[in-house]
Amino acid sequence: MKKALSILLAMGMTVGMVAGCGDTADNSSAAASTEAGTDGTQAAASAADIKVGVIYIGDENEGYTAAHMAGIDEMAANLGLSDDQIIEKTTIPEDEKAYDAAVDLAEQGCDIIFATSFGHETYILQAAQEYPDIQFCHATGFKAAGSGLANMHNYFDAIYEARYVSGVVAGMKLNEMIENGTITADQAKIGYVGAFPYAEVISGFTSFYLGAKSVCESVTMEVQYTNSWADMTAEGEVANQLIADNCVLISQHADTTGAPSACETAGVPCVGYNVDMTSVAPDAALTSPTNNWGVYYTYAVQCVLDGKAIDTDWCKGFSEDAVRITPVNEAVAAEGTDAKVEEVEAALKDGSLHVFDTSTFTVNGSSLEDLIAEGGDYAKYADYVSDGYYHESELASAPSFDIIIDGITSQAN
Amino acid sequence: MSKENVISKKEPFARMVKRDHISVGKAWAIRLIAVALSLVVAALVIVAITKQNPIEVYLGIIDGAVGSNRRIWVTIREMMVLLCIAIGLTPAFKMKFWNIGAEGQILMGGTAAAAMMIYFGEKMPNWLLLVVIFVVSGLAGLIWGVIPAIFKAYFNTNETLFTLMLNYVAMQIVTFCIVFWENPSGSNTVGIINAATKGGWFPTIFGNAYTLNVIIVLIITLVVYIYMKYSKQGYEISVVGESQNTARYAGIDVKKVIIRTMMISGAICGIAGAVIVSGASHTISTSTAGGRGFTAIIVAWMSKFNPLAMILVSGFLVFMQQGSIQVASQFGLNENASDIITGILLFFLIGCEFFINYKLEFRKKGEK
């Protein structure tokens, strides 16, 4: 027994050493290939030997990560990459482990590394400084432009567009309820289960609200936070609280099925996030805004293949098919929803409709333009507002709209 | 009645006998057999659940933990943290003071370190800042350790519950601090502190960022080893641990020993927090301790408070953890897969202590 063990250990050590040697060989060849392309753009890589690294906050059991994984798979299919060219690291928390994972992927010879969670950013930035020849792309972050690093990039989908459309679906449902006499126009109150009280979430629920308001003028909304991205129990509890608070429709910006499950039990229609919620709430789920990350992943990896620079900030919506809403649930949605959705999506695509149209909302009773002109706290938004709308995600890929508009009550701190 | 008589007459098939003495070689042979058996069982589980070749999975673990220079250093860094906490727990556990509050003591130390980095990052030279960080985080851990000790000494409160509850208080304090330090606001994360200036970061020594982690933890290990083994105070700790009445009879001030020992224990755990924050993560969150305060208890007990064994055990546990990351990405297995393997290994390793302390005597043939 002892002998067998020592043989096993010896084998393990030999392989470890061999693997170690292999790594250093990879490094030197990577260094050589990058030296060739020091004239600003990196050398074009071929699809056969490019390596892609991905750092996920969760794993396939969690909606947000599952959406990213689907995007990576789509990219691999589009560009013809094989499985062993993609190294995926799952359940990497937002601490030094993210840095460890990033440099480990770099040392394994990855040409481009993606990280998916907001809190990964500072660690990815740290790794990007150490490996200037490797492209680092971070989803939902905002520091790439300010970092001055050519190899650091941020990306996001214009999910607010999809939220706006899902808001339209919700507004039509509210209209139907008003017509049927289930509620009066004044009772059209939406409850929103938010994760954290910062720009990404605020921008999301504002666009959702504006979508609903575009078809149902009397709608109001109450937002409560769970202070977690994925806490099934808390999301269910918050949803129940909102329902108890006379909300007649629930939406969410958090990652689990907690809220839709609560809505199914309470018989309240709801709009999900990321994934089709009809599996847990067949009689409540209307639709879910969802990201199609494959568009970006294909774009970014293609850039590396072509030796082109990747956009420092990338954010696309319906125009590039980077966001969508899941099929509208006919059993719950109001009649004619599909036609309206098509119309709104087309308007967003051709640019005739802007989500944050400043004529559609007020803040403390005055328009955003007036507030900016007055100066004070709102002066900082001056760069974002022109041509009658707030230019969300144009200056940087991450959402920036963090104003609580009239009609929304948020128990923010 | 008659039935019982029949049974008691017959000797049981096997019975446990406490060993008087076991040779070191024999004890280690039993442990090695346990490791080998656990690897076999784990292999069976791997095959049954994942249909993967278990040898390859094991090689993946080895590769993940020590497959490249950087991986070796990450493994060492994590190992040093775990070792430091286990060393910190040792005096308390030797005294039979069930300190399960290392988690909280680490968090308090880490929070203190983060505070120093944030508020004094640009105001003093780095060496001075590091000294301040160690002193302050040690103090923070000390305070968190001494509170339950005082209550234990004077009011005989239950230290297990007390230290456990203080963990949650520490977590709330961290959450509270994050409100002030979060960047950007509302995101609930602090991000890397002083990313540009590296103020309060451990300096790179001999070309490696983690050299100082190793030096500090090994010094603490050595000092605690000498303190426990050769100092009068160390002896007092073991006497109090064995029997408080004996200690009193021998003229030892039990209250004083309890409080003093928990000050040391808490301070070392606090410094472990500083090693994590200043030397590795450069951030603070409620998961900074990450359950290591509990894992370290296993390390301390499995090593029977022997610092050398602690290096081995913490090395082994971290090895498995680091390997798990590689296994997860290489085989598409969830990281829970390697938790299962670690669990099986621990089960056998802890289980084999039974065979080291006891032996089984079987009924001899022909005996009535």
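Respectively, the protein sequence lines represent chains A and B. Going left to right, the first sequence walks through residues 155 to 567 as this note's numbering numbers them. Going left to right, the second sequence walks through residues 1167 to 1534 as this note's numbering numbers them. All C-beta atoms, glycine included, are put in the ideal place defined by N, C-alpha and C.
- At a C-beta separation below 8 Å, A/I241 has these neighbours in chain B: S1495.
- Residue pairing by DSSP puts A/R478 in a beta bridge opposite A/T444.
- For the C-beta of A/P286, not a single chain B residue is nearer than 8 Å; the gap to the nearest is close to 16 Å.
- Inter-residue distance for A/Q378 and B/M1290 is about 42 Å (C-alpha atoms, whole angstroms).
- By alpha-carbon distance to A/V517, the top candidate from A/H545, A/I557, A/A501, A/E489 is A/I557.
- S1234, N1235, R1236, R1237, V1240: these are the residues of the stretch 1234–1249 of chain B whose beta carbon lies less than 8 Å from some beta carbon of chain A, given in chain order.
- Rounded to the nearest whole angstrom, the CA to CA distance from A/D492 to A/V482 is 7 Å.
- Residues of chain A whose Cβ lies closer than 8 Å to the Cβ of B/G1357 are, in chain order, G273, E275, T276.
- Closer than 8 Å to the CB of A/T410 there is not a single CB belonging to chain B.
- Counting only residues of its own chain and dropping the five nearest sequence neighbours on each side, A/A312 has a CB closer than 8 Å to the CB of C469, K470, G471, F472, A476, V477, E546, S547.
- The beta strand (DSSP E) runs lying completely inside the stretch 1346–1404 of chain B and spanning 3 residues or more number zero.
- Per DSSP, the continuous beta strand (DSSP E) segment holding B/Y1524 begins and ends at 1524–1528.
- In the DSSP annotation of this structure, A/G273 is not part of any alpha helix (DSSP H), being labelled neither H nor E.
- A direct Cα-to-Cα measurement between B/G1436 and B/I1299 gives close to 10 Å.
- Comparing alpha-carbon positions, the option among B/H1448, B/I1212, B/N1502 lying closest to B/I1359 turns out to be B/H1448.
- For the pair A/S271 and A/E242, the CB atoms are not nearer than the 8 Å cut-off.
- Looking at B/E1269, B/K1192, B/T1363, B/I1228, the one whose alpha-carbon comes closest to that of B/E1288 is B/T1363.
- A/K343 and A/C401 have their C-alpha atoms some 5 Å from each other.
- In chain order, I1358, A1361 make up the part of chain B whose C-beta sits under 8 Å from the C-beta of A/L279.
- Rounded to the nearest whole angstrom, the C-alpha separation of B/L1378 and A/T245 is 29 Å.
- Here the alpha carbon of A/V322 sits roughly 38 Å from the alpha carbon of A/S301.
- In terms of Cα proximity to A/S433, the closest of A/Y450, A/Y451, A/G412, A/Y453 is A/G412.
- If you draw a 10 Å sphere on the C-beta of B/K1470, you find fewer than 16 other C-beta atoms in it, and that means exposed.
- With distances taken between CA atoms, B/A1306 lies nearest to B/M1428 out of B/T1412, B/G1365, B/M1428.
- B/F1497 and B/G1233 have their C-alpha atoms some 16 Å from each other.
- In the structure shown, B/E1288 adopts coil according to DSSP, grouped into three states.
- A/H407 is a Cβ neighbour of A/G348, given a cutoff of 8 Å.
- Cβ neighbours of A/S361 within its own chain (closer than 6 Å, five residues either side excluded): Y314, R317, Y318, V509.
- A distance below 8 Å separates the beta carbons of A/I209 and A/H274.
- Separation of A/L396 and B/V1340 (C-alpha to C-alpha, rounded to the nearest whole angstrom) is 29 Å.
- Following the DSSP letters along the chain, one finds B/R1185 in no beta strand (DSSP E), marked with neither H nor E.
- Each residue's CA atom was taken as its position, placing B/N1324 and B/G1456 some 25 Å apart.
- Around the beta carbon of A/Q289, a 10 Å sphere encloses 16 or more other beta carbons of the protein chains shown; the residue is thus reported as buried.
- Per DSSP, A/D460 has no beta-bridge partner at all.
- By the 16-neighbour rule on beta-carbons within 10 angstroms, B/V1297 is exposed.
- Below 8 Å, too few C-beta pairs join the stretch 1507–1524 of chain B and the stretch 549–565 of chain A to call them touching: fewer than three.
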